[in-house]
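Just so we're aligned, residue 8 is where the sequence shown starts under this note's numbering, counting upward by one. Even glycine gets a Cβ: it sits at the ideal position worked out from N, Cα and C. These figures come from a predicted structure and were not determined experimentally. So the structure is just underneath, and the comments pick up after that.
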Amino acid sequence: MGARSAEGSGSCDTIAQILEEIAVEMKGRIKVAKLDLGKNRELAAQLIPILAIFKGA
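Next comes the structure, spelled out in structure tokens:
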């Protein structure tokens, strides 16, 4: 993971920190992915920010 979420978004920062901890703790058992919408403006215009959790994928 690594890069910070959008500036000024405290809830996003909190979720990002929790997901970072989960990614480390569950390494090799789950995949945690993050898309930096600030660097992917074209894609950002098409998306609504979402947290998705899939089981068995």
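Taking the straight line between their C-alpha atoms, what separation do you get for residue i and residue j?
i          : j          : result
residue 33 : residue 55 : 27 Å
residue 19 : residue 37 : 21 Å
residue 29 : residue 52 : 28 Å
residue 25 : residue 35 : 17 Å
residue 22 : residue 49 : 24 Å
residue 61 : residue 31 : 18 Å
Kindly identify the DSSP beta-bridge partner or partners of residue i.
i          : result
residue 37 : 34
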